[in-house]
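Taking my numbering, the leading residue of the sequence shown gets 36, the next gets one more, and so forth.
C-beta atoms are modelled at their ideal positions from N, C-alpha and C, and glycine is treated no differently.
What follows is a short report on a single structure.
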Amino acid sequence: MGKSKAIPLLAIIGVNFTWGFDFIAIEYMMDFIPPSVFTLIRLIIGSVILTVFVLIKRGGLHIKKEDRIKVFIAGGIGMAFYFTVESFGTGMTSASFSSLIMATVPVFGMIGDRLVYGNRITPFKVICIAASILGVYMLVSGEPMGISVIGLAAMLAAAILWAFYIIYTKTLFDKYDLLTLLTGLFLSGTIVQIPIALISQGISHTPVIITPQGILITIVTAIICIIIGEFGYVYAIGKLSPTVTSAFENVLPVTTVIFSFFIFGKMLSVMQIIGGLIIMASVTAIALIESRT
Numbered sequence: 036m037g038k039s040k041a042i043p044l045l046a047i048i049g050v051n052f053t054w055g056f057d058f059i060a061i062e063y064m065m066d067f068i069p070p071s072v073f074t075l076i077r078l079i080i081g082s083v084i085l086t087v088f089v090l091i092k093r094g095g096l097h098i099k100k101e102d103r104i105k106v107f108i109a110g111g112i113g114m115a116f117y118f119t120v121e122s123f124g125t126g127m128t129s130a131s132f133s134s135l136i137m138a139t140v141p142v143f144g145m146i147g148d149r150l151v152y153g154n155r156i157t158p159f160k161v162i163c164i165a166a167s168i169l170g171v172y173m174l175v176s177g178e179p180m181g182i183s184v185i186g187l188a189a190m191l192a193a194a195i196l197w198a199f200y201i202i203y204t205k206t207l208f209d210k211y212d213l214l215t216l217l218t219g220l221f222l223s224g225t226i227v228q229i230p231i232a233l234i235s236q237g238i239s240h241t242p243v244i245i246t247p248q249g250i251l252i253t254i255v256t257a258i259i260c261i262i263i264g265e266f267g268y269v270y271a272i273g274k275l276s277p278t279v280t281s282a283f284e285n286v287l288p289v290t291t292v293i294f295s296f297f298i299f300g301k302m303l304s305v306m307q308i309i310g311g312l313i314i315m316a317s318v319t320a321i322a323l324i325e326s327r328t
């Protein structure tokens, strides 16, 4: 790919390394705070920090009138809905399981690419999709104590939301600088997340338990995993093709499993490890083939 690709490749690897840790943080925090509230707090932190920077560096948030609705929808999907569903699904399953399900993102992205941009789905891609479905089945059936169907559905929904977010925001990557675009996405996500958090809390009345560790984890993950992570991700997407980026997203499950083992002492079963490897191998094969076309 050339030396010019070295930095974006390192960026995407680093992003998925931090996101692997974020799954662990989410699993821990779901015992103390509802997913919708956790998402709202982190988005507010991100919005405040980014707004201050955009005011200082750019003199304001300058998004063209014709793009405002698109940025708002993208922020609502990629920041509010995705992170809420991801947190809920991780709380219902586990960090390791959730990150492996997220390895199906390139598959959903490929399907969306076909529907939106008309790119052809080859027989090889169909085989890879079938293999990834088999991998998901092995993940579920390999759970010794059984897995939450609701949690599985939530993580699959999160994967679809993230794939849609990537495709939907593709045209915005070249029109705005990183700071401007991400500030718009964070602010939009925060606006959308406020009623989501209020409605969900009004229905569930789930208590929020405040601890020093929880406050620290929330702030640190908001800055490192969400703000810096999004910066690195969008930067890599702007320099690399989405398919190449997808291949390196398979770093995510590996780092999550490692973190989960050392922090919680949790390990996937043999069947789940095999299923996860099948998922990662199939989506990586799709990404590598696509990158050559």
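Contact set for residue i: own chain, Cβ-Cβ below 7 Å, skip 5 residues either direction
{"i": "M180", "result": "Confidence in M180 is poor, its pLDDT being 48 and thus under 50, which makes the residue's placement too unreliable to answer from."}
{"i": "M302", "result": "F296"}
Neighbourhood of residue i by C-beta distance below 8 Å, restricted to the same chain and skipping five residues each side
{"i": "A316", "result": "A166"}
CB contact flag (residue i, residue j, <8 Å)
{"i": "I59", "j": "S304", "result": "no"}
{"i": "A271", "j": "P43", "result": "yes"}
{"i": "V171", "j": "I195", "result": "no"}
{"i": "F67", "j": "T246", "result": "yes"}
{"i": "T215", "j": "I98", "result": "yes"}
{"i": "I47", "j": "S122", "result": "no"}
{"i": "I259", "j": "L85", "result": "no"}
{"i": "V142", "j": "I164", "result": "yes"}
{"i": "W54", "j": "G264", "result": "yes"}
Contacts around residue i, its chain only, beta-carbon distance under 6 Å, and the 5 residues preceding and following it disregarded
{"i": "A257", "result": "R77, I80, G81"}
{"i": "A232", "result": "S71, V72, L75"}
{"i": "T204", "result": "A109"}
{"i": "F56", "result": "F294"}
Which listed residue (the options) has its alpha carbon closest to that of residue i
{"i": "G94", "options": "G249, P247, T218", "result": "T218"}
{"i": "I293", "options": "A46, N51, K99", "result": "N51"}
{"i": "S133", "options": "I261, V120, F143, L214", "result": "V120"}
{"i": "F208", "options": "G267, G249, I185", "result": "G267"}
{"i": "P369", "options": "M173, M64, G111", "result": "Absent from the model: residue 369. The displayed extent of the chain is 36 to 328, so no value can be given."}
{"i": "G124", "options": "I202, D212, L191, I250", "result": "L191"}
{"i": "V89", "options": "S235, F221, S131", "result": "F221"}
First and last residue of the uninterrupted alpha helix (DSSP H) at residue i
{"i": "S134", "result": "130–136"}
{"i": "T215", "result": "213–239"}
{"i": "K35", "result": "Outside the shown range of the chain (36 to 328) lies residue 35, about which nothing can therefore be said."}
{"i": "K99", "result": "Segment: none, K99 is in no alpha helix (DSSP H) and carries neither H nor E."}
{"i": "L207", "result": "Note, L207: premise wrong, no alpha helix (DSSP H); not H, not E."}
{"i": "T119", "result": "117–127"}
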